[in-house]
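A.B. asks: Sharing a structure with you now.
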Amino acid sequence: MLNQLTISQLRNIGDLSLQPCSDINLLLGENGSGKTSILEAIHLLTLGRSFRTRSLKNVIQFGEKQFQVTARTETNMPVGLQFDISTGLQIRLNRSPLKKLSDLASQLPLQYISANCHQFFEMGPRFRRQLVDWGVFHVEPSFNFHWQSYKKILQQRNSALKKRKPTTEIKLWDEHLAQHGEQINALRLKYLDRLLNDFCVIFTRLCTGYSSAEFTLKYRAGWPKETNLKESLEAGFERDRSLGYTRAGSHAADWSFRINNADPAEMLSRGQQKLFYIALSMAQGKLSINTSRDKTILLIDDLSSELDMSHQQGVVSELENLPVQCFITSTEMSLQHIVRPEKDKVFHVKQGQIEYPSS
Ligand SMILES: Nc1ncnc2c1ncn2[C@@H]1O[C@H](COP(=O)(O)OP(=O)(O)OP(=O)(O)O)[C@@H](O)[C@H]1O
Ligand SMILES: [Mg+2]
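Numbering (the working numbering), first residue to last: -9 to 349.
What follows is the structure, given as structure tokens:
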């Protein structure tokens, strides 16, 4: 969760400070007013990267040389990020420079829901793996160790395969690769089972037409069901050698949730697809609260696109019961009437400024 957010020289925002509440923060304003830029600033602060560009130079306000974002965490710890054209990116947590971005990510779990999140169904397995791994990372402390070790060993094995090293030198990696891979697999499966449970409850409340549907998990470990990873590496050795890389493993895993044993992408409308992704993110936010030190931040860009007012209302009511801090943007001014005046906050964004906060 974030407090006291300040943003300077970022996109069309010259200098902005806002005091978000711990529940729902609505950012309302016209097209081009700076709403998505505020979400981008929060994303940058927590993850060190933008969801709009790979080059942080593009985030700097035209004509300037640097941008800055600062805030305080739930425990009142100052966190700040600065990007300067000449000196690059600097991140500070509690006034000390941060070496690893993952340290910050574990402090401030964040979920970003884009305006086009209904396109989730068109994304590839890599995106789905990242989504589940985000969740496992925040729920299972040992996951990061296994995943980092797995990645390193996989690189070594692939490099040995590519360089056509002797068989024994390549097989040297198999034992450890399989050990970490099996752990990753078990943690992912356990997490996805829990995620499916929470997801069903939220999704069927948002999308009542599916309240009696059956939801199941379709999961692929990254190697054939009937074997374990060690055996698969063994069996695929000649194939890996001719390909020059390792095919089976946790890096090839995939999953999906099915509705009545069919692919949701083939039956859900666009709005329902958006609700599916939102429900998934909410379920992830709900699960991460049990273990992470800080309240999950949920960024929802352009809630109103694809959703009619009653479904937007459904999303907001669902968020009211979730232990997450939420930032929602919209051009739909009437949304301000559906939030709780005593708990939530509405900010009117105009030309990169907050016009006035009303609580
Ligand atoms: N580097 C930059 N410097 C200054 N202004 C920029 C920069 N990059 C983008 N802009 C402008 O910043 C403004 C804010 O963009 P932003 O995407 O935040 O608007 P928005 O409020 O989310 O609009 P919409 O409702 O259309 O999504 C836009 O007018 C955009 O053209
Ligand atoms: Mg926008």
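Each residue gets a CB set at the ideal place from its N, CA and C atoms; glycine is no exception.
List the residues that DSSP assigns as beta-bridge partners of Phe57.
C.D. replies: The partner list for Phe57 (beta bridge, DSSP) reads Phe73.
A.B. asks: Tell me whether Leu361 is buried or exposed, calling it buried when 16 or more other Cβ atoms sit within 10 Å of its Cβ.
C.D. replies: This structure leaves residue 361 out entirely; the chain is present only between -9 and 349.
A.B. asks: When you measure from the CB of Asn15 to every non-hydrogen atom of ligand 1, does any distance come out below 6 Å?
C.D. replies: Answer for Asn15: no, Cβ out of range of ligand 1.
A.B. asks: Could you check whether the Cβ of Phe276 sits closer than 6 Å to any heavy atom belonging to ligand 2?
C.D. replies: The question names Phe, but residue 276 is Lys in the sequence shown. Outside the cutoff, so no.
A.B. asks: Name the two residues that bound the continuous alpha helix (DSSP H) containing Lys155.
C.D. replies: Note, Lys155: premise wrong, no alpha helix (DSSP H); not H, not E.
A.B. asks: Shortest alpha-carbon distance to Asp86 belongs to which of Ser271, Leu98, Pro68 and Lys142?
C.D. replies: First, the residue type needs correcting, since residue 86 is Ser and not Asp in the sequence shown. Of Ser271, Leu98, Pro68 and Lys142, the residue nearest in Cα terms is Pro68.
A.B. asks: Runs of 4 residues minimum, wholly inside the segment 217 to 251: which ones carry the alpha helix (DSSP H) assignment?
C.D. replies: Fully enclosed alpha helix (DSSP H) runs of 4 or longer: 219 to 225 and 227 to 233.
A.B. asks: Report all residues from its chain with a CB closer than 7 Å to the CB of Ser27; omit the five preceding and five following residues, and keep chain order.
C.D. replies: Leu0, Arg1, Asn2 and Ile3, listed in sequence order.
A.B. asks: Under 7 Å, do Tyr181 and Val129 count as touching if we go by C-beta distance?
C.D. replies: In this structure, Val129 lies closer than 7 Å to Tyr181 by Cβ.
A.B. asks: Cα separation between Pro90 and Asn250?
C.D. replies: Checking the displayed sequence, the identity of residue 90 turns out to be Lys instead of Pro. Roughly 43 Å between the two C-alpha positions.
A.B. asks: In three-state DSSP terms, what is Ser348?
C.D. replies: Legend: pLDDT at Ser348 = 49, less than 50; position of this residue unreliable, value from coordinates given subsequently. Looking at Ser348 - three-state DSSP - the assignment turns out to be strand.
A.B. asks: Confirm the yes/no value for this check: CB of Thr366, any heavy atom of ligand 1, distance under 6 Å.
C.D. replies: This structure cannot settle anything about residue 366, because the visible part of the chain is limited to -9 through 349.
A.B. asks: Could you have a look at Asp13 and say whether DSSP puts it in helix, strand or coil?
C.D. replies: Asp13: coil per DSSP, three-state reduction.
A.B. asks: Just to check my reading of the structure: Ile103 and Tyr235 have Cβ atoms closer than 8 Å, yes? What is that Cβ distance to the nearest angstrom?
C.D. replies: Contact flag wrong, Cβ pair sits at about 33 Å.
A.B. asks: So Thr286 packs on Gly304, CB below 8 Å; how close in whole Å?
C.D. replies: Not really, about 20 Å apart at Cβ, beyond 8 Å.
A.B. asks: So, do the segment 319 to 338 and the segment 138 to 147 have three or more beta carbon pairs nearer to each other than 8 Å?
C.D. replies: The answer is no - the segment 138 to 147 does not touch the segment 319 to 338, with fewer than three Cβ pairs under 8 Å.
A.B. asks: Kindly provide the chain-ordered list of residues whose Cβ lies closer than 7 Å to any non-hydrogen atom of ligand 2.
C.D. replies: The set, ordered by position in the chain, is Lys25, Thr26, Ala105, Asp291, Asp292 and Thr319.
A.B. asks: Where does the unbroken alpha helix (DSSP H) through Gly171 begin, and where does it stop?
C.D. replies: Residues Asp164 to Leu196.
A.B. asks: What is the DSSP secondary structure of Lys215, counted as helix, strand or coil?
C.D. replies: Three-state DSSP puts Lys215 in coil, outside helix and strand.
A.B. asks: Can Leu46 and Phe73 be called in contact, C-beta distance under 7 Å?
C.D. replies: Taking 7 Å as the Cβ cut-off, Leu46 and Phe73 qualify as a contacting pair.
A.B. asks: Here's the rule: buried if 16 or more other CB atoms are within 10 angstroms of the residue's CB, otherwise exposed. What is Ala351?
C.D. replies: Absent from the structure is residue 351, since the part of the chain shown begins at -9 and ends at 349.
A.B. asks: Apply the 10 Å Cβ neighbour rule to Gln354 and answer buried if 16 or more other Cβ atoms are within range, or exposed otherwise.
C.D. replies: The structure shown does not extend to residue 354, since the chain is modelled only from -9 to 349, so the question has no answer here.
A.B. asks: Going by DSSP in three states, Asp253 sits in which element: helix, strand or coil?
C.D. replies: Looking at Asp253 - three-state DSSP - the assignment turns out to be coil, as it is neither helix nor strand.
A.B. asks: Just the C-alpha distance for Leu71 and Glu228, rounded to the nearest angstrom, thanks.
C.D. replies: Straight-line Cα distance between these residues: approximately 48 Å.
A.B. asks: Report all residues from its chain with a CB closer than 6 Å to the CB of Ile(-3); omit the five preceding and five following residues, and keep chain order.
C.D. replies: Closer than 6 Å at Cβ, skipping near neighbours: Ile3, Leu6, Ala31 and Val59.
A.B. asks: Can you pull the DSSP bridge partners for Arg62?
C.D. replies: DSSP output for Arg62 lists Asn(-7) and Pro68 as bridge partner(s).
A.B. asks: Return yes when the C-beta of Thr321 is under 6 Å from any heavy atom of ligand 1, and no when it is not.
C.D. replies: For ligand 1, at least one heavy atom lies less than 6 Å from the Cβ of Thr321.
A.B. asks: Taking the beta carbon of Gln120 as the centre, do at least 16 other beta carbons fall within 10 Å, making it buried, or is it exposed?
C.D. replies: Flag for Gln120 reads exposed.
A.B. asks: Which word fits Asp253, buried or exposed, when buried means at least 16 other C-beta atoms lie within 10 angstroms of its C-beta?
C.D. replies: With fewer than 16 Cβ atoms within 10 Å of its Cβ, Asp253 is classed as exposed.
A.B. asks: Going by the C-beta, is Ser132 closer than 6 Å to any heavy atom of ligand 1?
C.D. replies: Result no, Cβ not under 6 Å from ligand 1.
A.B. asks: Just curious, the alpha helix (DSSP H) that Gln274 is in, first and last residue?
C.D. replies: Residues Arg260 to Ser278.
A.B. asks: Report yes if the C-beta of Arg1 is less than 6 Å from at least one heavy atom of ligand 1; otherwise report no.
C.D. replies: Yes, the beta carbon of Arg1 sits closer than 6 Å to at least one heavy atom of ligand 1.
A.B. asks: On the criterion of 16 or more Cβ atoms from any shown chain inside 10 Å, does Arg330 qualify as buried, or is it exposed?
C.D. replies: With fewer than 16 other Cβ atoms within 10 Å, it is exposed.
A.B. asks: What residues in its chain sit with their C-beta under 7 Å from that of Gln343, if we drop five residues either side in the sequence?
C.D. replies: The answer, listed in chain order, is Leu6.
A.B. asks: Can Phe52 be considered in contact with ligand 1, in the sense that its beta carbon sits closer than 6 Å to one or more heavy atoms?
C.D. replies: Checking every heavy atom of ligand 1 against the Cβ of Phe52, one is found closer than 6 Å.
A.B. asks: Evaluate Thr319 with the Cβ neighbour count: other Cβ atoms within 10 Å of its Cβ, from every protein chain shown; 16 or more gives buried, anything less gives exposed.
C.D. replies: Burial call: buried.
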